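So the first sequence is numbered by our numbering: it starts at 23 and just counts up by one.
Note that the Cβ used here is the ideal one computed from N, Cα and C, for glycine as well.
All values derive from a computational prediction rather than experimental measurement.
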Amino acid sequence: MRDLKAVIGQALDVSLSKLFPDLSPQPQSNIEIPNDKTHGDLASNLALKACKPLKKSPLEIANQIKNYLTENSKQLGIADYIGKIEVQSPGFINFFCTNKILSETIHEILDKKDNFGKSDIGKSKKVQIEFVSANPTGPLSVAHARQAAVGDSLANIMSFLGFKVVREFYINDEGNQIRILGLSIASRYKELLGQPESFPADGYKGSYIYDLAKQMIESSKPKKIEDIDSNLAEFSEFGASTILKIIKKELEDFKVKFDIWTPQSALTKKGEVTKIVEFLRKKGFIYDKDGAVWFRSTEFGDDKDRVLVKSDGTFTYLTPDIAYHQDKFRRGFDWVINIWGPDHHGYIGRIKAAVQALGRKKEDLSVIIVQLATLFKDGAPVPMSTRAGQYVTLQEVLDEIGPDVSRFFFLMRRVDSHLDFDLSLAKKQSPENPVYYIQYAHARISSIIKKSGKVDFKKADLNLLKEPEELDLVKILAQFPEELEACVKMLDPFNLVSYLQQLAAVFHKFYDTHKVISEDEKLMLARLDLVEATRLVLANGLRLLNVSVPEKM
RNA sequence: GCGCCCGUAGCUCAGUUGGAUAGAGCAUCUGCCUUCUAAGCAGAGGGUCGCCCGUUCGAACCGGGCCGGGCGCGCCA
23 MRDLKAVIGQ ALDVSLSKLF PDLSPQPQSN IEIPNDKTHG DLASNLALKA CKPLKKSPLE
83 IANQIKNYLT ENSKQLGIAD YIGKIEVQSP GFINFFCTNK ILSETIHEIL DKKDNFGKSD
143 IGKSKKVQIE FVSANPTGPL SVAHARQAAV GDSLANIMSF LGFKVVREFY INDEGNQIRI
203 LGLSIASRYK ELLGQPESFP ADGYKGSYIY DLAKQMIESS KPKKIEDIDS NLAEFSEFGA
263 STILKIIKKE LEDFKVKFDI WTPQSALTKK GEVTKIVEFL RKKGFIYDKD GAVWFRSTEF
323 GDDKDRVLVK SDGTFTYLTP DIAYHQDKFR RGFDWVINIW GPDHHGYIGR IKAAVQALGR
383 KKEDLSVIIV QLATLFKDGA PVPMSTRAGQ YVTLQEVLDE IGPDVSRFFF LMRRVDSHLD
443 FDLSLAKKQS PENPVYYIQY AHARISSIIK KSGKVDFKKA DLNLLKEPEE LDLVKILAQF
503 PEELEACVKM LDPFNLVSYL QQLAAVFHKF YDTHKVISED EKLMLARLDL VEATRLVLAN
563 GLRLLNVSVP EKM
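Structure below.
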């Protein structure tokens, strides 16, 4: 269907230029699948676009194009695929397909199997997707979980489409928040040893801090209370590394894999952070003011210039991050994609500025802002705050509802839209749960194929498929590759989720209207081809989302 | 005050280079299992696409101005 669109598009362009050679520039032909079936299988608005420059009525233009296409259908390569062309008011040109395109689609799917939808539009472009990158100061929150689901699924889809994808987790193991983590643990440590003191005001209050303090007491030789304050780094280090292990475990349980874990401290140790300031200074993007070192980010469209080195000599958060981005590009990535929470959207301007200061185009970096997910339990929102230690961790969600349903729920809305995650609904193993709707379609087909005992596909006469429910099914199957491309274009796996729901709906309708297994042997064989193709596409889609594909439910 | 996101059915949301009668799920109501899995299907009700101007053959979509909600605006990370 996608190829057919291209062929028709070209045929339209040719006919327009033959009919009106003086028209310049030529309007772009726009071909889409109409909602209303009486408008054909494909429709073009070319005549409407061309009417203004040509100063003619769109209906007249459309009819001229239609006649040209009909007369030259063989040369234009559309004769076998287009059965009828109609012009409808106010000037749409509607195309009605023949069965040939449908049977070709089914055969293509049955041939390619798991590879249907795979393409090389990525042209082996090297892409890095950095996501989650949570500070190792506490277990992963629901916000991280959504980012993980988005990043992982997007990475799957992009790999499938020919991009060379690397998934990376940036470990923010330096800076203020790590110091506060150490302070928090030390405070609990003293408390457990019977010397309670006031807990730091901005400390992490979660119960896991007690666990960490306990572990330190048990594993290391207990320190003298008076030594603690001079050994804060040890508390920080232990806390960060232990929490990182927890994070890794949570992600593993969520079926999210990373190729590379890059700690900020590694860049610092190599001196990259200091070097990046010198580098930018040499390029002339640096100035000194009020005892601090500033980056002239406004030169690249940022709202204001940014401090890189504070007057006390320490770096701001931005500085190592610039070094990190330089490191990314040095490693040869053509395209760097960062997935961040909404609290970082004000940060986009400065990092894009930095990327340009490093000599890259701003398009080489894409930032996806994933809006927050609010958990609902029994109709009420679950409150969340990391510092107060009052939040549901990814682990708890996983324990309660499992990775399949969780992943799916996190992808059910566009990334830029707030997501209400209804734990009570997700937990239900019932019809209201949309994950089962798709999986159920796959299970039903598996059951039919098993019962039919058929192993040989592609031998049937697919011209026997004439019912509207059958044709609808083939048409939506044909759209799978386009939907995957849309995910990359939008940088959002949502399109795939939405597509799979539609596909399942069309299948369920077909299932309820027509029987596959029947006395009519020839028809049965054709329908078995059709449902097997459907099964393959459902499986491919679910696999890209990392949702399991059950044969029985 | 400035910037970003959002405002579409009772609720949660699709609708993306402007296209034909604005869709889905949930919720409510009515039907469909002696036949491949009823975790399904069919049907009904439900809309001033936040409001007002503008652009044009055509606007939920583009532009301007309001109203309302969320977030960000630090020599924090």
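{"Query": "Return helix, strand or coil for Lys383, following the three-state DSSP convention.", "Result": "coil"}
{"Query": "Could you tell me the alpha carbon to alpha carbon distance between Glu108 and Asn89, rounded to whole angstroms?", "Result": "10 Å"}
{"Query": "Starting from the N-terminal side, write out each stretch of the alpha helix (DSSP H) that is 4 residues or longer and does not extend beyond the region 414–475.", "Result": "416–423, 425–432, 445–449, 456–474"}
{"Query": "Take Ala156 and list the residues in its own chain whose beta-carbon comes closer than 7 Å to its own, dropping the five residues that flank it on each side.", "Result": "Leu162, His166, Ile269"}
{"Query": "If the criterion is Cβ atoms closer than 8 Å, does the pair Arg551 and Ile128 meet it?", "Result": "Residue identity check: residue 551 is Asp in the sequence provided, not Arg. A contact, by the Cβ cut-off of 8 Å."}
{"Query": "Pop quiz: Gly160 and Tyr103 are said to be a contact at Cβ under 8 Å. What is the actual Cβ separation, rounded to whole angstroms?", "Result": "58 Å between Cβ atoms; not a contact."}
{"Query": "Please state the DSSP three-state secondary structure of Pro80.", "Result": "helix"}
{"Query": "Along the chain, where does the alpha helix (DSSP H) that runs through Asn157 open and close?", "Result": "Careful: Asn157 lies outside any alpha helix (DSSP H) and carries neither H nor E."}
{"Query": "Kindly provide the ranges of any alpha helix (DSSP H) runs that are 4 or more residues long and lie completely inside the region 170–231, ordered along the chain.", "Result": "198–214"}
{"Query": "Taking 8 Å as the threshold (C-beta atoms), are Gln150 and Glu272 in contact?", "Result": "no"}
{"Query": "Please say whether Ile239 and Leu205 have beta carbons closer to each other than 8 Å?", "Result": "no"}
{"Query": "What residue ranges within the region 325–391 form continuous alpha helix (DSSP H) runs of no fewer than 4 residues, ordered along the chain?", "Result": "340–352, 370–379"}
{"Query": "By how many angstroms is the C-alpha of Gln348 removed from the C-alpha of Ser66?", "Result": "46 Å"}
{"Query": "Can you look up Gln86 in the DSSP assignment and give me helix, strand or coil?", "Result": "helix"}
{"Query": "Span of the beta strand (DSSP E) holding Gln501?", "Result": "Unbroken run through Gln501: none, as it is neither H nor E."}
{"Query": "Whole angstroms is fine: what's the gap from Glu190's alpha carbon to Asp133's?", "Result": "34 Å"}
{"Query": "Do Asn517 and Gly139 have their beta-carbon atoms positioned less than 8 Å apart in this structure?", "Result": "no"}
{"Query": "With the cut-off set at 8 Å, would you say Ala376 and Ser319 are in Cβ contact?", "Result": "yes"}
{"Query": "Check whether the Cβ atoms of Pro456 and Gln393 lie closer than 8 Å to each other.", "Result": "no"}
{"Query": "For Ser241 and Arg201, I'd like the C-alpha separation in whole angstroms.", "Result": "21 Å"}
{"Query": "Per DSSP, which residues does Ser66 bridge with? Please list them.", "Result": "Ile53, Ile115"}
{"Query": "In or out: Ser51 buried (at least 16 other Cβ within 10 Å) or exposed?", "Result": "buried"}
{"Query": "I'd like the list of long-range same chain contacts for Pro112, defined as Cβ closer than 8 Å, with 5 residues on each side in sequence excluded.", "Result": "Leu70, Pro80, Leu81"}
{"Query": "Where does the unbroken beta strand (DSSP E) through Ile308 begin, and where does it stop?", "Result": "308–311"}
{"Query": "Compute the beta-carbon to beta-carbon distance between Ala395 and Val164, rounded to the nearest angstrom, for a pair I have assumed lies under 8 Å.", "Result": "5 Å"}
{"Query": "If you run the structure through DSSP and keep just helix, strand and coil, what is Leu397?", "Result": "strand"}
{"Query": "Taking the alpha-carbon positions, what's the Ile470 to Gln461 distance?", "Result": "14 Å"}
{"Query": "What first and last residue would you give for the beta strand (DSSP E) that runs through Lys105?", "Result": "Checking the displayed sequence, the identity of residue 105 turns out to be Gly instead of Lys. Taken as a continuous stretch (DSSP letters only), the beta strand (DSSP E) holding Gly105 covers 104–110."}
{"Query": "Could you compute how far the alpha carbon of Ile373 sits from the alpha carbon of Phe317?", "Result": "11 Å"}
{"Query": "Report the residue from Asp494, Met575, Phe276 whose alpha carbon sits nearest the alpha carbon of Ser428.", "Result": "Phe276"}
{"Query": "For a quick check, are the C-beta atoms of Ser141 and Gly184 less than 8 Å apart?", "Result": "yes"}
{"Query": "Below 8 Å, how does it come out for the region 300–314 and the region 362–371: are there three or more Cβ pairs, yes or no?", "Result": "no"}
{"Query": "Where does the unbroken alpha helix (DSSP H) through Phe516 begin, and where does it stop?", "Result": "516–535"}
{"Query": "Residues in the same chain with beta-carbon distance under 7 Å from Ser209, minus the five sequence neighbours each way, listed in chain order, please.", "Result": "Glu219, Phe221, Pro222, Gly225"}
{"Query": "Taking only three categories from DSSP, how would you classify Val149?", "Result": "strand"}
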